[in-house]
Amino acid sequence: MSDRKTTTSVLENTKLLVVKIGSVLVRGKKLDEVNQEWINAFAQDVKKLMQTGIKVVVVSSGGIALGRKALGIKASTPPNDIPLAKKQAASSVGQYYVFNGYHKAFSKYGINAGQVLLTMSETENRRMNLNARDTILTLLDHGIVPVINENDTVSTEEIQFGDNDRLSVRVAQMIGADSVVLLSTTDGLYTNNPDINPQAEHVPFIEQLSDEHVKMAGEAVPGLSTGGMKSKIKAAISATKTGIHLIITDGREVNVLENLCANKTKRSSLFYAQTVDKIAARKMWIGAHMQPKGFVTIDDGALKALRNGKSLLPIGIKKVRGEFKRGDVVEILDMTGNRVGMGISAYNLYDAQLICGCNSKDIVRILGIIGSDELIHRNDMVFER
Ligand code: GLU
C-alpha cells in the first residue's frame, strides 16, 4: 500500500469532510439522554480539525432512539417493529435532544452549530438540492458546523435504519466533499461476519470495490440503530464512484476523529475513491440526466466569457423562455439560435426574465432578494462550443 493511500493521508488531504454518527454513539445510558461526554469529545476533535483549515459537516442519527421514552417504546423493541407514525413522532421529540447535545458541545468550544433537516427526495430534487447546498456551504463559510439529520417527522417513505449512511454520502456529493467518515460500533469491513465467524479477518484497505466485498458485508443486522455493513457498503459504492473516499471506524473510541487523523485508531476500513474529476462528473450528469425546461439566449460577449470558462451572468442574456424553476436545466443558445451548452439555472423563469440584461449588482433591487450573481454557475454548466 502506498503511503498516499492510508486513512491518515486521505484525511490530511481532505478540505471538506462529512462525518456520520450513529444513534448508538449519541444516546446515553438512559433512553432519553444524550451521551454528552462523547459528543463533547467529538466537538473537541472537530475544533482541532477546523483549526487546521478542514471544514466539517456532521450527519447525526439518534432522533428516533432518543424519542423512544416519550412515545413509550421499549429499549428492547426492534426498530422494524415500531409503526411508522410512532417513529416519526419519536423523532420529533428526540431530534431536540440530539441537536441540543451538539449545540451544547460546540458552544463549549466557541463554535456555533446549525441544524439542517433533509429528506432523501430533497437531495434528489435539483431545486431543493441547490437550496440545501447553498445553506450548508453558507454555514461552513461562517465557521458554523452543520448538524444534519433526515427530516423523519415528515418523511413519506418508510424510515430505514442505515439511511443516514446514504444521506451522508448524498450530502458529500451535493457539497463536493472529499471524504466521508462513518462512525458507529463497527470498525470496518470483515471477510465474514465477525460476530459469527471467529476466523473473519478485518479488511483495512479497499482500493477497488468488488462483488466480493459486497458479499462480505452480508445482510443488515437488526440492531438498535445500524443499517449493518450492507448499508455502509452501498454508501461506499456510491461515494467512491463519485470520487469521494469513505472511511469506517468504531466511534466508541474517545477522540476517535483525532486518532484517525494521527493514525492512532485501532482499526478502520478505507474505501479509496476512484479517480474522477468531480466537476466533470457533475457536468456529465447534467448533460445525461436532465431534460431542458427552458432556453436562454446569450449575446456574443457572454459567449466569449463562457468560452473562457466564466459563469453566465444576467448581463449577457438576451432572452429567456420556457417553463423552468430554480434548479432546472436550461439550454444555452447563441444569437443565431444554436445550442452552445446546458446548465442549471439559479433562478426561475419569471425572475430570470426580470434580471435579463441587468448588472448582477441590481438583482437585489429588481427581485428584492439577494440571490446569486450568476444565472448559471460555471460548475453547473456543460459548455459545448
Ligand atoms: N434518522 C434516523 C434517526 O435520527 C436514523 C437513521 C439511521 O440511523 O440511519 O433516528
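Numbering (my numbering), first residue to last: 6 to 390. Just so it is clear, CB atoms sit at the ideal spot from N, CA and C, and this is done for glycine as well. Note that this is a predicted model, so its numbers are computed, not measured.
Based on the DSSP output, what are the partners of T302 in its beta bridges?
In the sequence shown, residue 302 corresponds to position 297, counting from 1. In the DSSP output, where bridge partners are listed per residue, T302 has K324 and L338.
In the DSSP assignment, what are the bridge partners of P151?
One-based indexing of the sequence shown puts residue 151 at position 146. In DSSP, P151 forms a bridge with G119.
Taking Cβ positions, are D183 and T254 nearer each other than 7 Å?
Position 178 of the sequence shown, counting from 1, holds the residue named residue 183. Position 249 of the sequence shown, counting from 1, holds the residue named residue 254. Taking 7 Å as the Cβ cut-off, D183 and T254 do not qualify as a contacting pair.
Going by the C-beta, is I69 closer than 6 Å to any heavy atom of the ligand GLU?
In the sequence shown, counting from the first residue as 1, residue 69 sits at position 64. Checking the Cβ of I69 against the ligand GLU gives yes.
DSSP puts D255 in a beta bridge; with which residues?
To locate residue 255, count along the sequence shown from 1; it is residue 250. BP columns for D255 point to S189.
Please identify the residue among I180, K220 and G376 whose C-alpha is closest to the C-alpha of N195.
Indexing the sequence shown from 1 puts residue 195 at position 190. This sequence places Tyr at residue 195; Asn is not what is there. Of the listed residues, the one whose Cα sits closest to Y195 is K220.
Quick one: what's got a C-beta closer than 8 Å to S365's C-beta in the same chain, skipping five residues either side?
Taking the first residue of the sequence shown as position 1, residue 365 is located at position 360. So the qualifying residues of the chain are L318, P319, I320, D378 and E379.
Please go through the same chain and pick out, in chain order, the residues whose beta-carbon is closer than 6 Å to the beta-carbon of G119, but skip the five residues on each side of it.
To locate residue 119, count along the sequence shown from 1; it is residue 114. Same-chain partners within the cutoff: L144, I149 and P151.
Taking the alpha-carbon of V185 as reference, which of S243, D367 and G77 has the nearest alpha-carbon?
Locating residue 185 in the sequence shown gives position 180, counting from the first residue. Ranking the options by Cα distance to V185, first place goes to S243.
Determine which residues share a DSSP beta bridge with F388 and list them.
The residue you call residue 388 lines up with position 383 of the sequence shown. Answer is G346, bridged to F388.
Out of D356, M386, W43 and I381, state which residue places its alpha-carbon closest to the alpha-carbon of S350.
Residue mapping note: residue 350 aligns to position 345 of the sequence shown, counting from 1. Selected option, being the one with the closest Cα: I381.
In terms of alpha-carbon separation, which member of V23, K20, N268 and N40 lies closest to V29?
Start at 1 with the first residue of the sequence shown, and residue 29 comes out as number 24. The shortest Cα separation from V29 among V23, K20, N268 and N40 belongs to N40.
Can you give me the start and stop residues for the beta strand (DSSP E) that F276 sits inside?
One-based indexing of the sequence shown puts residue 276 at position 271. S273 to F276 is the span of the beta strand (DSSP E), which, as asked, contains F276.
Going by the C-beta, is V173 closer than 6 Å to any heavy atom of the ligand GLU?
The sequence position of residue 173 within the sequence shown is 168, counting from 1. Here residue 173 turns out to be Ser, not Val, going by the sequence shown. S173 Cβ: outside cutoff for every heavy atom of the ligand GLU.
How would you label Q213, buried or exposed, when you count the other beta carbons within 10 angstroms and need 16 or more for buried?
For the purposes of this step, residue 213 is taken as the residue at position 208 of the sequence shown. Looking at its Cβ environment, which holds fewer than 16 other Cβ atoms inside 10 Å, Q213 is exposed.
If you reduce the DSSP assignment to three classes, tell me which class Y102 lands in.
Reading the sequence shown from its first residue, position 97 is the one you call residue 102. DSSP places Y102 in helix when its eight states are reduced to three.
Using CA coordinates, which residue listed in N156, D356 and D304 is at the minimum distance from G327?
Mapped onto the sequence shown, residue 327 falls at position 322. It is D356.
With distance defined between alpha-carbon atoms, name the residue in K269, I249 and N268 nearest to K283.
Locating residue 283 in the sequence shown gives position 278, counting from the first residue. With distances taken between Cα atoms, K283 lies closest to I249.
Could you tell me which of S81, I303, Q93 and K237 sits nearest to N276, measuring between CA atoms?
Working through the sequence shown from its first residue, we reach residue 276 at position 271. At residue 276 the sequence reads Phe, which differs from the Asn that was named. Comparing Cα positions, the closest option is K237.
Would DSSP call L372 helix, strand or coil?
For the purposes of this step, residue 372 is identified with residue 367 of the sequence shown, where counting begins at 1. If DSSP states are grouped into helix, strand and coil, L372 belongs with the helices.
Taking the C-alpha atoms as reference points, what is the distance between A225 and G233?
Along the sequence shown, one-based indexing puts residue 225 at 220. Along the sequence shown, one-based indexing puts residue 233 at 228. The predicted model places A225 with a pLDDT of 49, which falls under 50 and marks its position as unreliable; any figure quoted below should be read in that light. If I take the Cα positions, the gap works out to 4 Å.
Looking at A46: is its Cβ nearer than 7 Å to the Cβ of V259?
Indexing the sequence shown from 1 puts residue 46 at position 41. Indexing the sequence shown from 1 puts residue 259 at position 254. Taking 7 Å as the Cβ cut-off, A46 and V259 qualify as a contacting pair.
For V369, which residues in the same chain have their Cβ closer than 6 Å to its Cβ, ignoring the five residues on either side in sequence?
Counting from 1 along the sequence shown, the entry for residue 369 is found at position 364. Around V369: I375.
Considering I87, what are the terminal residues of the beta strand (DSSP E) in which it resides?
The sequence position of residue 87 within the sequence shown is 82, counting from 1. Taken as a continuous stretch (DSSP letters only), I87 belongs to no beta strand (DSSP E), as it is neither H nor E.
By Cβ distance, which residues of its chain are closer than 7 Å to L229, with the 5 residues on each side in sequence left out?
Locating residue 229 in the sequence shown gives position 224, counting from the first residue. With a pLDDT of 42 at L229, under the threshold of 50, the modelled position of that residue is not reliable, and the figure given next carries that caveat. Excluding sequence neighbours, L229 sits near S28, V29 and A70.
Can you give me the C-alpha to C-alpha distance between S81 and G256, rounded to a whole angstrom?
Here the question's residue 81 lines up with position 76 in the sequence shown. Here the question's residue 256 lines up with position 251 in the sequence shown. When rounded, the distance between both Cα atoms is 22 Å.
S7: buried (16+ other C-beta within 10 angstroms of its C-beta) or exposed?
Looking up residue 7 in the sequence shown gives position 2. Residue confidence is low: S7 scores 42 on pLDDT, short of 50, so the model does not pin down where it sits. Its coordinate-derived value is still stated next. By the 10 Å Cβ count, S7 comes out exposed.
May I ask you to report which of helix, strand or coil DSSP gives Y355?
Here residue 355 refers to the residue found at position 350 when the sequence shown is read from its first residue. Three-state DSSP puts Y355 in a helix.
Pull up the CB-CB distance for V103 and G77, whole angstroms please, since I reckon it's below 8 Å.
Sequence index remark: in the sequence shown, residue 103 carries index 98 (1-based). Sequence index remark: in the sequence shown, residue 77 carries index 72 (1-based). Between G77 and V103 the Cβ distance is about 19 Å, and since that is not below 8 Å, they are no contact.
Would the stretch 197-212 count as touching the stretch 82-98 if we require 3 or more Cβ pairs under 8 Å?
Judged by Cβ distances under 8 Å, the stretch 197-212 makes no contact with the stretch 82-98, as fewer than three pairs qualify.
Buried or exposed for P84, going by 16 or more other Cβ atoms inside 10 Å?
Sequence index remark: in the sequence shown, residue 84 carries index 79 (1-based). By the neighbour-count rule (16 or more Cβ atoms within 10 Å), P84 is buried.
Which of helix, strand or coil does DSSP assign to K20?
The residue labelled residue 20 in the question sits at position 15 within the sequence shown. DSSP places K20 in coil when its eight states are reduced to three.
Given a cut-off of 7 Å on the beta-carbon distance, is the pair R383 and N353 in contact?
As a position in the sequence shown, residue 383 is number 378, starting the count at 1. As a position in the sequence shown, residue 353 is number 348, starting the count at 1. It is not a contact, given that the beta carbons lie outside the stated cut-off.
Using 7 Å as the threshold, is the C-beta distance between I322 and V301 below it?
On the sequence shown, residue 322 is found 317 positions in, with the first residue counted as 1. On the sequence shown, residue 301 is found 296 positions in, with the first residue counted as 1. The answer is yes: Cβ separation under 7 Å.
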